[in-house]
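In the working numbering, the protein residues as written are 637 to 1013. No residue lacks a Cβ here, since even glycine has one placed at the ideal position from N, Cα and C. Data first, discussion second: the structure below is written as structure tokens.
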């Protein structure tokens, strides 16, 4: 038989065949011998299929197993081709292999898993934390961008994690409309602050550090097979895959003059590019670099605990990161209007989405969509 989950040019392997599994583990070992840090596994929950190869039943009318319509593929209930219990056997094998190569430095496995049932998602850490190091957590990609919804999502994930499991957070990737296009340019700045201060490993999608937006792609320049094969449904992912602009030159420093890029350049590449933003103290790139510097300098942001602050006003998500004697307070205003947050004790701003955070005795005055990291004590 020939089985392909996605494109016909992408055959699925029969992982139930011991020779196939050994060959794949040998391939991983080939790269581990050459010093790679680990592997990102695509559609990790679809490796194993039903041993009887039964057909998926049709989805009830109006139901989709995905957050967006994916054509005919989205009209099935994917109970036989995804999430099979035997999938966990594969990742235990992968983990044992990685552990063999983790003597001098850790090797990591990351799984792309589009599951929004948290119990199903965290199962891929393994019952003994012996499977994937990090099943990608896409929950923030599909919640309303409000303080209440985001806080609830974060708290639910923290509660669902097995003891000792390491969290991770994703706000943008190659399959989703860009952050700035989904929630707006102003909110994208505070979203970056949120991503880089939550507990766990953040994943940044290229260009989000510039505040890149979706790029219009005319039909004749579409490259994504989803967009070509199922036209008219808006499934194409090319808008979020445009080249990153490095400078203001005609091809934005992405490729040589006279070479046509795979996809169109952003229309604002002459002004929204790495070179231009690196020189501006209030740019998205400068903010991102400042956040990363603060994260590297403060152990509480790297390894500290997470505690939501219940007393935050409506529209503000506030949480504490603490480790040892260090205590940091993160406050993020999701509203297009100002908000005041009460602060107890001495508070020193470390970084803000705005260049001049306003912190007075007993209060932090947040402007619309402003986020601030405060050092307490």
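- With a 10 Å radius around the Cβ and a threshold of 16 neighbouring Cβ atoms, residue 823 comes out buried.
- Three or more beta-carbon pairs separated by less than 8 Å are not found between the region 909 to 921 and the region 933 to 943, which leaves the two stretches without contact.
- When rounded, the separation of the alpha-carbon atoms in residue 809 and residue 679 is 14 Å.
- Its chain contains 757 as the residues whose beta carbon lies nearer than 6 Å to that of residue 751, once the 5 sequence neighbours on both sides are disregarded; these appear in chain order.
- Leaving aside the five residues that flank residue 910 on each side, the residues in its chain whose CB is nearer than 6 Å to its CB run, in chain order, 882.
- Segment contact: the region 788 to 798 against the region 849 to 862, fewer than three CB-CB distances shorter than 8 Å; contact not assigned.
- For residue 770, the pairing in a beta bridge is given by DSSP as 746.
- Here residue 983 is buried, its C-beta having at least 16 other C-beta atoms within 10 Å.
- Closest by C-alpha distance to residue 997, out of 988, 990 and 1013, is 1013.
- Looking at the DSSP output, residue 885 sits in no beta bridge, so it has no partner there.
- As the crow flies, the alpha-carbon of residue 708 is around 30 Å from that of residue 657.
- In the structure shown, residue 956 adopts extended strand secondary structure according to DSSP, grouped into three states.
- Taking a 10 Å sphere around the C-beta of residue 689, we find fewer than 16 other C-beta atoms and assign the residue as exposed.
- Collapsing the DSSP output to three states places residue 935 in a helix.
- Its Cα nearest to that of residue 961, the residue 936 stands out among 1006, 841 and 936.
- By the CB criterion at 7 Å, residue 999 and residue 979 fall inside the cutoff.
- Less than 7 Å separates the beta-carbon of residue 692 from that of residue 714.
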